[in-house]
Structure formats: structure tokens, C-alpha cells
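Below: one structure, written as C-alpha cells.
There are 4 protein chains.
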Amino acid sequence: MIINLKTYPQATGEKAVLLAQTCERVSKQYDVPIVVAPQIPDVYRVSKAVEIPVFSQHMDPGAPGRFTGHTLGETLVEAGCSGTLLNHSENRMVLADIEAAVAKARNLNLYTVVCTNNPAVSVAAATLNPDAVAVEPPELIGTGISVSQAQPEIISGTVEMIRRVNKDVVILCGAGIGTGDDVAAAIKLGAQGVLLASAVAKSDKPEDVLADLVSPLKK
Amino acid sequence: MIINLKTYPQATGEKAVLLAQTCERVSKQYDVPIVVAPQIPDVYRVSKAVEIPVFSQHMDPGAPGRFTGHTLGETLVEAGCSGTLLNHSENRMVLADIEAAVAKARNLNLYTVVCTNNPAVSVAAATLNPDAVAVEPPELIGTGISVSQAQPEIISGTVEMIRRVNKDVVILCGAGIGTGDDVAAAIKLGAQGVLLASAVAKSDKPEDVLADLVSPLKK
Amino acid sequence: MIINLKTYPQATGEKAVLLAQTCERVSKQYDVPIVVAPQIPDVYRVSKAVEIPVFSQHMDPGAPGRFTGHTLGETLVEAGCSGTLLNHSENRMVLADIEAAVAKARNLNLYTVVCTNNPAVSVAAATLNPDAVAVEPPELIGTGISVSQAQPEIISGTVEMIRRVNKDVVILCGAGIGTGDDVAAAIKLGAQGVLLASAVAKSDKPEDVLADLVSPLKK
Amino acid sequence: MIINLKTYPQATGEKAVLLAQTCERVSKQYDVPIVVAPQIPDVYRVSKAVEIPVFSQHMDPGAPGRFTGHTLGETLVEAGCSGTLLNHSENRMVLADIEAAVAKARNLNLYTVVCTNNPAVSVAAATLNPDAVAVEPPELIGTGISVSQAQPEIISGTVEMIRRVNKDVVILCGAGIGTGDDVAAAIKLGAQGVLLASAVAKSDKPEDVLADLVSPLKK
Chain L
676 MIINLKTYPQ ATGEKAVLLA QTCERVSKQY DVPIVVAPQI PDVYRVSKAV
726 EIPVFSQHMD PGAPGRFTGH TLGETLVEAG CSGTLLNHSE NRMVLADIEA
776 AVAKARNLNL YTVVCTNNPA VSVAAATLNP DAVAVEPPEL IGTGISVSQA
826 QPEIISGTVE MIRRVNKDVV ILCGAGIGTG DDVAAAIKLG AQGVLLASAV
876 AKSDKPEDVL ADLVSPLKK
Chain P
676 MIINLKTYPQ ATGEKAVLLA QTCERVSKQY DVPIVVAPQI PDVYRVSKAV
726 EIPVFSQHMD PGAPGRFTGH TLGETLVEAG CSGTLLNHSE NRMVLADIEA
776 AVAKARNLNL YTVVCTNNPA VSVAAATLNP DAVAVEPPEL IGTGISVSQA
826 QPEIISGTVE MIRRVNKDVV ILCGAGIGTG DDVAAAIKLG AQGVLLASAV
876 AKSDKPEDVL ADLVSPLKK
Chain F
676 MIINLKTYPQ ATGEKAVLLA QTCERVSKQY DVPIVVAPQI PDVYRVSKAV
726 EIPVFSQHMD PGAPGRFTGH TLGETLVEAG CSGTLLNHSE NRMVLADIEA
776 AVAKARNLNL YTVVCTNNPA VSVAAATLNP DAVAVEPPEL IGTGISVSQA
826 QPEIISGTVE MIRRVNKDVV ILCGAGIGTG DDVAAAIKLG AQGVLLASAV
876 AKSDKPEDVL ADLVSPLKK
Chain V
676 MIINLKTYPQ ATGEKAVLLA QTCERVSKQY DVPIVVAPQI PDVYRVSKAV
726 EIPVFSQHMD PGAPGRFTGH TLGETLVEAG CSGTLLNHSE NRMVLADIEA
776 AVAKARNLNL YTVVCTNNPA VSVAAATLNP DAVAVEPPEL IGTGISVSQA
826 QPEIISGTVE MIRRVNKDVV ILCGAGIGTG DDVAAAIKLG AQGVLLASAV
876 AKSDKPEDVL ADLVSPLKK
């Protein structure tokens, strides 16, 4: 389970640290792996504060040297990240840059999650051999209408199509997931995990929401 | 004087902190204001380690909430930044986004430096009322050939043209600046400061280079 | 008056030619200059069919040679265009590219209309010395709610602010303009012309709509 | 064989028509299919002048309606195009847009050629089921150093990797191809055709160059 903090004010700066610590507590209590993805300026302070994996929300494919303002993999490693989202629908990437970023992240031992918008794009992403692909229909992101309940065929179709070209890539889904039932439905459809944001980041009681979300994954 | 650390390996992570501390020592010793602009994942750790101003290399204009992977002003403030570069030639921005970012930074009390590539673009940028405009001919960036010596008319022309529309904006120049003589030439041409990168970030002896650079600005 | 045909199906291919001929008839009958801006693949066939000015909807700043897929000024001239829109809100450009495109168009005797989203951006655009600036609040584009009636202060503010830095640039406005009254209101607020799209391109009776629109401009 | 006219001045406007007619003559004389890809403002006049297939250099994925300045498939069809290049290295596209453009072109019966920069990206593109994939190492484009002679493993590797996921897609290669020997080498390595530009578009004697190029393909 990956919690994307996006740019929510409730999940920025010191509040990102507190939310990451909440994720860590729930992760330990229920023995379910939780990853947190804070904003890029926050990755260092969050990774210093928790032991659960911290992912960046984006990584550029460039090489050290120039590229003012770009977010390089080398710098993310130094900042304590162990992985990164790529190609999120709010930050889409050129195909060749996704390939270059995945290849570079692999050399740096950064875990890569390529976000995609439909089954066909998911298959293309899967052939680049990232660690995970996360399919998220953009029209459901942030709506509270769960992809696993509203568009189950997106998940099952993606799983089936990806497995024809890549047996190993982890398949995640996201968009509108907010409850343990949504997670259970996703797992039943063949997803191996979920990517979510607002349900946790915007909640007044994130610990309760997280506890509900991880319940179907509890060992 | 603004030191852009770009993505140089010699200026990443802990090394960015060390270089910022060097800038701070020289700034205090010579009583010359020096600003350091580390990579975005490094802004928090650098701003915790030094008292000189820390600028981001980029800021997106979006609002808190969505915008996964974007770098918002609110988050930069929380991370300890007091300003940001915008529209660097390695990270150029759409015109409406520059305007929106400058307006938003103003509300957040973040100092804005809009980078530009020639006098005409500098004038357009100056009308947006950022705190500073930094003209940098892209063909000289990283070359070691100083704009103030090789293309002095760029600086004097920019100063003259900007002053017709904006009396107050600080005018900086950059590209290829590496010595105190380059800085002195820039100041003589009407620039009020310089923006530089490789001369310091790639040097084996950044403290000596900085001491030479600030010598014409010493009070 | 500039009629932007966007990518409306009613204004594509042969239908773009017919609509341009309608514009031409109205232009001659009422002695009001009308410019038509068809889609880029249509500029040649439209410019062969009418004598009124044909503008491109976009122009890239690149030089002849490489740049596969780009729309160069030289090619627009060969295709019979006499001008181009730049930086439309549906096709926003990097600041330095707007400047380069305006400068290049000037050398090619192409008339330039830089589209902008608010008064501050309009002033920045005006300092680049295009032939015209067209302010269009994006939130009103295509709504049928006229900028000149719903947000008159956008137009009057833009005119006032632009005139401080540029006495000569033609000032247009757009967004939601659909009737002669909207045009009259715009002219009264200080605009020298209008840029519009859906009211004409989507109409069943474009000739009647155009006749109404030009009535306040009739000599 | 696809001849990309890029934005060469020797292949713009009326000269694009003349060059397309030359391609048509050689195509008929040697009974080898040749496709010509002129600049977007030139597609209509070229398609009116020749019977060989005319491809656009780019197509955007948007739908009819708004999207000022975009190049829609519907408009390309009306302009006489029978196909389009996508994602050329000089005009790279976001992954989701490539998928959307390929799907839309399929509905419009437009032939799609997705350009790619290496074998891994070629495989990803092939899973989107375009009609063809054209691998072109960017560092060789326009150099006159033929990919088929300088980097034969790029072609053979691409062919082998693509065939694991897609049996049907046509595999082309490009970059630096200028002679019949280069074409013969490409075919021998498993390519089914070539994409080239400068060798023909910049030649003083394009008919002779074309005759040499097609000689290995002659039936």
C-alpha cells in the first residue's frame, strides 16, 4: 500500500512527518507494508523520521550536472528515498523519459512505480520492467468513487493483459480507494496492492482510515 | 550573489550542506550576501544547516491539493526556503505559469528570481514584478566564458531596457561567470548581482573561488 | 475581428473553406476586416479560397531544417498565411519561445496575435512587440458568457496597463463573445477588436451571427 | 520507405510538392512503395498532387472542438493524409497521448508509425498496436552515419524484442540512412522498411538518391 501525500496542506512539511509516523505505526501494528510518498521538498525530513519506505512523487531521467530544478535519482537516494512514482496523471512523462528513468532507477536500486491511465498504457509500461505498475483511471482520482468497485474490469483487464508480457511486475491500482472494502475488492480482482491519496491525506482521523484500509491485507 | 548548485554530484545531499556552509563562511567573512540554491530534495537539509538564504531551483504555480510531483511555494516555505529561481533555461516555464508563480510567491513572501535568455525576454519578465530578473545567454551557461566579458552588451542592454518599464526590480546576470573580474565587469555594466553555478559547484577549492568572486562586492 | 475555427468539426476541411467564404462575404458587405484562423492542415486550402487574411492557430519558433512536426513561419508564409495566433490558452508556450516566434514572424512579415489570460500576462506579452495582444480569461472561453459583459474590468484594466508600456500594440479581447452587443461593449471598454470561436464556428447560421457581430464595427 | 521532409527549406510548400512527385515517379518506376511526410501546413497541397500515401509528421490525440493549434486525426483525413508519424524524437509525446493517438488513428483508418529511440521503448510502443514502429537512435539522426551499419545491434535487437510481444507490427528503422547499401543492411537485419529524411530532402539530385535507396527493395 502506497500513500501519495500529493500537495495536500494537511500533508506538507511537519504534517507530512506526522502522517508518515502514523503510517509507520499502522504498518507495524497490522504487519502490512505501507509506503509513503511526500512532496519532493519533504522527502529528506520524512525519511529521517520514519523507517518505512519513503518514495518520491516523481523523478526526472537526467544525469548529474546540469538540469537545474530537476529531481535526479542520485539526489533522491541521498535524501533517503527507496523508490519513486513515475508518470502520475498529474505529472505525465514522455515515453522515452519513463524508460530512461526506470533504467536509471534500477541502477540506483530505487523501486519504481509507473502510474498509468488504462490497461493498454499499463501493458506498455510493464514492458519497461519497472518494479510496479499502478493503473489509475484519471476520471476517478480524488472522487471517492473506488476504481475497484466502479470499474472492476479496468483492474481485472489490466492484470490479464500485463501478465501476457510480464510475469513479475507488481500490479497496483488506485483512484477513489477509501475503505478496506475497496482494497479487498482490488485484491480479489488481481491487484497486489493499492495507491491512494486523499482518503488518508485529507482525513481528520488518518489512523482509523489506515487501519480500515489495511484490514484486508493483515497477515 | 546566488550560487545555483544545479545537479552537480559535488553539490548533492551532504555535499550540498558542506558547500552551503562554505558559502555562509565567505558571506560572513566578506560581509557580502550569498544565496545558495540546492536541488529541491536538498532544500530542507540545507536550510536547517545554514543561516544564509536558501532558494529553490524551481517552483510550480499550482495550488495545494493535487499536483503530485509538483513543487509548491507553501511547501518550500515549510522547508525553510526564502526564495526561488523560476524559468531557468534548463527548466523553462510557460508565460502564464511564470506570472502565476511570481504572484503566488509574493503572497508567500518568497523572493523570486526569473531567469531569462535575452534582453527582450528580460523586459517581459520584469513587467511581472518579480524581485529579480537574471539574464543568462544559454549558449554561455557552463562554458567558463563570462557573459560580462564576452557579451557585455547583453547586460548593459538588459539594464537599459528593463529600467524603462520597472525601476525597482533587481537585475542579475549569469552564464560563464567564474572570477572576481567577471563579477566586477558585470557590476560595472549595471548588474546588481550575479547568478552562477559551475565555477563554485565544480571547484576543488570552492572557498577560494568564492572569496575571489565576492571581492568586488566587499563593503 | 478574428474568427478562430479551433478544431470544430463544423469548421474542418471543406467546411473550413465554406466558413471562410462566409466570413469573406460578411467582411465585404459590411466593410469590416475579418480574419479567419483555420486548423494548421487547413491553412493552405483556405488561403487559396479566400482573399481575407488567413492566420495560423499556432507557430513554433524553430528554424528550417529539423523540428519534425513543428509549424514554422516560413512554411506558413508559403501556405498563404498572413499571420498567426501564439500562446492560445489551449496551446500555451514557454516565454522564450513566444519572444522568438514574435521576432521571427516580424522578419517574415507575419502578423502576430499573442493570446493571454489576464492583464499582467498581457503587459508582459505587449513588451515583446507583437502586432496584437488578445486577452482571454480561460474560464470564460467557450461558455457564451462574454468577457466584455461579465468581466469588463479585465478589458479596461488590460488596456490601461498595456498602454503604459506599449502605445502601438493592437489590443483584442475574447472569451464568450457571441453578439454585436458583446462586441460593442468590448470596443467601448477600449479593445480594438475581438477574437472569437464557438459563436461562429458552431452556429447553424454563421452568416447571421457574423452580421450581428460586425454591426458595431460597421463604417 | 517513408521520406520525412522535416522542415527543410528544400522541402517546403511548392518544393514539397515537387519532391513528393519525385518520390511518386521513383515509386512507380521501381515498384517500391514510398510514403512522403511533409510539414503539417503542406499536407493538403501535397496530397492533392500525388497518389502515393501522404503522412503527417505528427498528430495530437485530442477530440474535435477545442484544442486550438492541435493537429487532429479527423482534420488530417480531410486533408488527404493516410497516416501519421507519432512521437518523433524532435516532437516527443507523453505515453498516454501516444496510446490515445494510436487508438484514435485506428478508428479513422490512419496508418500509425510510432518513432522510438531504443529497443526497450520500441517494445513498449509495439504493445500499443500501431501499424509500425520506427526505431531511430537520436544521436545518429541527420548525421549520415547509418544506424544499420554503425549500430546493427539496435535493429536486430529491436526486431527480436518486439516479436516476443507483437508478431504483426511493421518494424522500420531510421537515422543516418542515405544509400541503398544502408537500406540493404537494414533489411538484412530484420527491418521491413526505413524512415529517412536528410539524404533525400537535402539532396541536389533526390531522384538519383531515391533510385539508389530503393534498389534493394525492387521487386
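Chains as they are written, first to last, in our numbering: chain L, 676 to 894; chain P, 676 to 894; chain F, 676 to 894; chain V, 676 to 894.
For every residue, glycine included, the Cβ atom is placed at its ideal position computed from N, Cα and C.
Interface partners of residue i on chain V, CB under 7 Å
{"i": "L/L803", "result": "A795 and A799"}
{"i": "F/Q732", "result": "T743 and G744"}
Contact belief for residue i with residue j at Cβ below 8 Å, rounded distance in angstroms
{"i": "V/A712", "j": "V/I678", "result": "7 Å"}
{"i": "L/I846", "j": "L/V858", "result": "L/I846 to L/V858, Cβ: 14 Å. No contact."}
{"i": "L/I837", "j": "L/V808", "result": "6 Å"}
{"i": "P/S890", "j": "P/V884", "result": "Not quite, the Cβ-Cβ distance comes to about 11 Å (not below 8 Å), so this is no contact."}
{"i": "L/E811", "j": "L/N792", "result": "7 Å"}
{"i": "F/T746", "j": "V/I715", "result": "6 Å"}
{"i": "F/M676", "j": "F/L864", "result": "That belief does not hold up - the Cβ atoms of F/M676 and F/L864 are roughly 16 Å apart, past 8 Å."}
{"i": "V/I820", "j": "V/P794", "result": "With 8 Å as the limit, V/I820 and V/P794 do not qualify as a contact, their Cβ atoms being about 19 Å apart."}
{"i": "P/Y719", "j": "L/Y719", "result": "5 Å"}
Under 9 Å by beta carbon: chain V residues contacting residue i
{"i": "F/T749", "result": "Residue 749 of chain F is actually Glu in this sequence, not Thr. Chain V residues near F/E749: T682, P684, T687 and G688."}
Chain V residues whose Cβ lies nearer than 8 Å to that of residue i
{"i": "F/D717", "result": "Y719, T750, E753 and A754"}
Contact list for residue i against chain P, beta-carbon separation under 8 Å
{"i": "L/P739", "result": "T682, Y683, P684 and T687"}
{"i": "L/F742", "result": "K681, T682, E765 and N766"}
CB contact flag (residue i, residue j, <8 Å)
{"i": "P/T682", "j": "L/F742", "result": "yes"}
{"i": "P/D717", "j": "P/G688", "result": "yes"}
{"i": "P/V701", "j": "P/A866", "result": "no"}
{"i": "P/I727", "j": "P/E699", "result": "yes"}
{"i": "F/V692", "j": "F/V721", "result": "yes"}
{"i": "P/A861", "j": "P/V869", "result": "yes"}
{"i": "F/A876", "j": "F/L680", "result": "yes"}
{"i": "P/G855", "j": "P/L815", "result": "no"}
{"i": "L/V752", "j": "V/V769", "result": "no"}
{"i": "F/P684", "j": "V/E882", "result": "no"}
{"i": "L/Q732", "j": "P/G832", "result": "no"}
{"i": "P/A686", "j": "F/R767", "result": "no"}
{"i": "F/V798", "j": "F/V844", "result": "no"}
Chain F contact residues for residue i, given Cβ-Cβ distances below 7 Å
{"i": "V/Q696", "result": "Neighbours of V/Q696 on chain F: none; closest Cβ ~16 Å, over 7 Å."}
{"i": "V/Q867", "result": "In chain order: nothing, as chain F lies at least about 21 Å away."}
Closer than 7 Å: residue i CB and nearest the ligand ATP heavy atom
{"i": "V/A738", "result": "Within the structure as shown, the ligand ATP is missing, as the structure has no ligands at all."}
Contacts of residue i in chain P (Cβ-Cβ under 7 Å)
{"i": "L/Q824", "result": "Going along chain P, no residue has its Cβ under 7 Å from L/Q824, so there is no contact; the nearest lies around 22 Å."}
{"i": "L/Q704", "result": "Within chain P, no residue comes near L/Q704; the closest Cβ sits about 27 Å away, beyond 7 Å."}
Which residues, taken in chain order from the stretch 755 to 784 of chain P, show a beta carbon closer than 7 Å to some beta carbon of chain F? From the stretch 755 to 784 of chain P, only N762, R767, M768, V769, L770, A771, I773 and E774 have a Cβ closer than 7 Å to chain F.
Mind listing which residues of the stretch 839 to 853 of chain F have their C-beta closer than 9 Å to chain P's C-betas, in chain order? R839 and V840
Do the stretch 752 to 765 of chain P and the stretch 785 to 792 of chain P meet, that is, are 3 or more Cβ pairs less than 8 Å apart? Yes, the stretch 752 to 765 of chain P is in contact with the stretch 785 to 792 of chain P.
Counting pairs of beta carbons, one from the stretch 766 to 780 of chain F and one from the stretch 733 to 753 of chain F, are three or more of them closer than 8 Å? yes
Residues of the stretch 804 to 820 of chain P in Cβ contact with chain L at a cutoff of 9 Å, in chain order, please. Taking 9 Å as the Cβ-Cβ cut-off against chain L, the residues of the stretch 804 to 820 of chain P that qualify are I816 and G817.
Three or more C-beta pairs under 8 Å: does that hold for the stretch 809 to 825 of chain P against the stretch 846 to 855 of chain P? yes
Touch check for the stretch 798 to 805 of chain L and the stretch 797 to 811 of chain V: three-plus C-beta pairs under 8 Å? yes
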